[in-house]
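S.K.:
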Amino acid sequence: MTQPTPLTQLPQSELFRKDDVFVLFGELFGRGYATGLVDQARAAGMQIVGITVGRRDDNNALRPLNDEELAAAEANLGGRIINVPLMAGFDLDAPAGEPTPTELLNAMTLKTWEQDKLDWAHIDKCRAIGTERFRKGVAEVMAVLDGMIADGRNVLFAHTMAGGIPKAKVFMVIANRIYKGRGERFMSSQTLLDSDLGKLILQNFDEVSANTFLHLIEGSAAIRARVEAAGGQVRYTAYGYHGTEILIEGRYQWQTYTNYTQGYAKMRLERIARAAWEQGVKATVYNCPEIRTNSTDVFAGVELPLIALLEALRKEGGGAWAESQWQACRDLLVDGVTLEDVLKKVADFQTSAVMQPFHDFDAWPMPNNPEQADLQIGTSEDIVQMHKDRKALVTDLLSTLVLEASGALIFRESAAPAGPVLWLNHDVVARQLNHLHA
Ligand SMILES: NC(=O)c1ccc[n+]([C@@H]2O[C@H](COP(=O)([O-])OP(=O)(O)OC[C@H]3O[C@@H](n4cnc5c(N)ncnc54)[C@H](O)[C@@H]3O)[C@@H](O)[C@H]2O)c1
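Residue 0 is where the sequence shown starts when you use numbering that gives the first Met the number 0, and the numbers rise one by one after that.
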């Protein structure tokens, strides 16, 4: 049986200093996890370097950013961006003149997709082309990056890539029903995984959310060797997700969002870090708590466990600052609704008989079922209704706190990481926040 390996102590080591190099491997979005880490790198005086996934032209061809896009991206990052498109996944790749996987998916309809078959020999060719394209892009990026790292510097590579949902009309409808459908609109995630459509999507998730970490580690081998030979150190971080321990009935317990279809790719990401670690490369996947970002808005109910962070803030030595966060959350609720009412709703959800089978670490990621979807999506909607403004939620406020804590934890732990896979549970997140705001 595998067990989560939590980070239990606030990390104390320091490694990165002024003029060391921080490389963000993914684009930076305002609400995204990476902002917490970039803030730390900036505060330490590191040189910040980014990449771009590029943009698609009208014919779906991948291109670098134009001058205007590049200037905006560099201003947003506060650093230089190496302008070579690093879009991962093979959903829009194919041998010349042949259909891309997305085109094949677009031939499927809502009536036929469960039975529709794909030509796997063709898909394999598309996948190989996409992988080769990405690896070549990484090589180009590394050639430029090499010239930006002076001898004696340390380098921190931060992988943030996750995604791979193909832009096929039929899947947009299916995704909406799997992640947001209840009652009549419920759809089983297992039905998706059993179909050829689902199998293709899992492959694309692997490429985007996991294999890109391997290409990063392999593609930067020469830089790693040069930096280490000059006395510097190189670290790799990636964001994982594999459930989180949160306070349930006064005790930290592991729970997860369901159905997390991307979980197979996240476990592959963990295996990539473990294999690299065995080769002496300090690569660590940090399994992070559920927060609301651009990437999670599709998953109704993913934000529910986050609300329990309020209780962890108090339990982990919270003082005046923790109380001020409780108050700021209270201010977001409609008159007559208390924060205790909201917390009770989350607790009722977590402890309900319907959710118990899902608190099984070894069975992760489990498929959804109608009762679970109904309860999870219903609870999420009920809690939104308890707010004055659905655009200013308790979970928005708590997400920014988790970004701050995770940035500090990952940045410091990466100086001397304890292992290749570490969970950042609510206990250590709350302790880090209370420490930062003491
Ligand atoms: N939000 C959560 O609850 C949560 C929890 C645990 C881990 N994570 C992980 O944190 C990381 C950042 O996600 P986030 O939630 O902050 O959202 P985000 O939308 O800010 O970040 C997503 C990242 O993926 C990149 N990306 C998307 N599609 C890509 C593609 N085809 N090719 C290359 N790059 C691509 C984007 O450029 C961006 O850097 C991800 O690995 C995510 O799985 C998120």
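All residues carry an ideal CB built from backbone N, CA and C; glycine is no exception. All values derive from a computational prediction rather than experimental measurement.
Could you tell me the distance, in whole angstroms, from the CA atom of Pro-416 to the CA atom of Lys-281?
M.R.: 7 Å
S.K.: Does the distance between the C-beta of Ala-167 and the nearest non-hydrogen atom of ligand 1 fall short of 6 Å?
M.R.: no
S.K.: Classify His-386 as helix, strand or coil using the three-state DSSP reduction.
M.R.: strand
S.K.: The alpha helix (DSSP H) with Pro-165 in it runs from where to where?
M.R.: It is not in any alpha helix (DSSP H) - Pro-165 carries neither H nor E in the DSSP assignment.
S.K.: For the beta strand (DSSP E) that contains Phe-156, what are its first and last residues?
M.R.: 154-158
S.K.: One question on the structure: do Val-48 and Val-22 come within less than 7 Å of each other, judged by their Cβ atoms?
M.R.: yes
S.K.: Would you please state the rounded distance, in angstroms, between the beta carbons of Met-147 and Val-20? I believe it to be under 8 Å.
M.R.: 7 Å
S.K.: From Asp-195 to Ile-271, what distance separates their C-alpha atoms?
M.R.: 26 Å
S.K.: Which one of Leu-109, Pro-100, Gln-114, Glu-26 has the shortest CA to CA distance from Leu-76?
M.R.: Glu-26
S.K.: Applying the 10 Å Cβ sphere with the 16-neighbour rule, what's the burial state of Met-171?
M.R.: exposed
S.K.: With which residues is Thr-51 paired in a DSSP beta bridge?
M.R.: Pro-84
S.K.: If contacts are defined as beta-carbon pairs under 8 Å, then Leu-191 and Ile-173 qualify, I think. What distance do you get, rounded to the angstrom?
M.R.: 6 Å
S.K.: Quick check: what's the CA-CA separation for Met-0 versus Val-333?
M.R.: With a pLDDT of 48 at Met-0, under the threshold of 50, the modelled position of this residue cannot be trusted; read the value that follows with caution. If I take the Cα positions, the gap works out to 45 Å.
S.K.: With a 10 Å radius around its C-beta and 16 neighbouring C-beta atoms as the bar for buried, classify Trp-253 as buried or exposed.
M.R.: buried
S.K.: Could you tell me which residues DSSP pairs with Arg-79 in its beta bridges?
M.R.: Val-48
S.K.: According to DSSP, Leu-23 sits in a beta bridge with which residue or residues?
M.R.: As computed with DSSP, Leu-23 is found in a beta bridge with Gly-49, Ala-157.
S.K.: Count the other CB atoms, across all protein chains shown, that sit within 10 Å of the CB of Glu-289; report buried if there are 16 or more and exposed otherwise.
M.R.: buried
S.K.: Taking all protein chains shown into account, decide if Trp-119 is buried (16 or more other Cβ within 10 angstroms of its Cβ) or exposed.
M.R.: When all chains shown are included, Trp-119 counts as exposed.
S.K.: Can you give me the start and stop residues for the alpha helix (DSSP H) that Ile-271 sits inside?
M.R.: 262-277
S.K.: Our contact map puts Asn-435 next to Glu-412 with C-beta atoms below 8 Å; I'd like the distance itself, whole angstroms only.
M.R.: Here residue 435 is Leu; the residue named in the question, Asn, does not match the sequence. Contact flag wrong, Cβ pair sits at about 15 Å.
S.K.: Taking only heavy atoms of ligand 1 into account, decide whether any of them is closer than 6 Å to the Cβ of Thr-283.
M.R.: no
S.K.: In terms of alpha-carbon separation, which member of Gly-317, Val-52, Arg-30 lies closest to Val-401?
M.R.: Per the Cα distances, Arg-30.
S.K.: Quick check: does the Cβ of Ser-294 come within less than 6 Å of any heavy atom belonging to ligand 1?
M.R.: yes
S.K.: Checking the sheet assignment: what are the DSSP bridge partners for Gly-35?
M.R.: Per DSSP, none; premise fails for Gly-35.
S.K.: Would you say the beta carbon of Glu-73 comes nearer than 6 Å to a heavy atom of ligand 1?
M.R.: False, no ligand heavy atom lies under 6 Å from that Cβ.
S.K.: Nearest to Gln-349 by CA position, among Ala-220, Gly-318, Phe-298, Leu-374, is which residue?
M.R.: Leu-374
S.K.: For Glu-244, which three-state DSSP category applies?
M.R.: strand
S.K.: How would you label Trp-320, buried or exposed, when you count the other beta carbons within 10 angstroms and need 16 or more for buried?
M.R.: Looking at its Cβ environment, which holds fewer than 16 other Cβ atoms inside 10 Å, Trp-320 is exposed.
S.K.: Since I believe Tyr-235 is in contact with Leu-215 (beta carbons under 8 Å), could you give me their beta-carbon distance rounded to a whole number of angstroms?
M.R.: 7 Å
S.K.: Got a sec, what are the start and stop residues for the beta strand (DSSP E) Thr-465 sits in?
M.R.: The question about residue 465 has no answer here: the residues shown for the chain are numbered 0 through 437.
S.K.: Counting Cβ pairs, one atom from each stretch, are 3 or more of them under 8 Å apart for the region 355-374 and the region 258-270?
M.R.: yes
S.K.: Going by DSSP, name the residue or residues bridged to Thr-283.
M.R.: Thr-236
S.K.: Helix, strand or coil for Tyr-515? Go by DSSP, reduced to three states.
M.R.: Because the chain in this structure spans residues 0 to 437, residue 515 falls outside the shown range and cannot be described.
S.K.: Nearer than 6 Å: is that true of the beta carbon of Ala-87 relative to any heavy atom of ligand 1?
M.R.: yes
S.K.: Using the three-state DSSP reduction, which class does Gln-114 fall into: helix, strand or coil?
M.R.: DSSP places Gln-114 in coil when its eight states are reduced to three.
S.K.: Could you give the distance in angstroms between the alpha-carbon of Arg-225 and the alpha-carbon of Met-45?
M.R.: Between Arg-225 and Met-45, the C-alpha separation is close to 19 Å.
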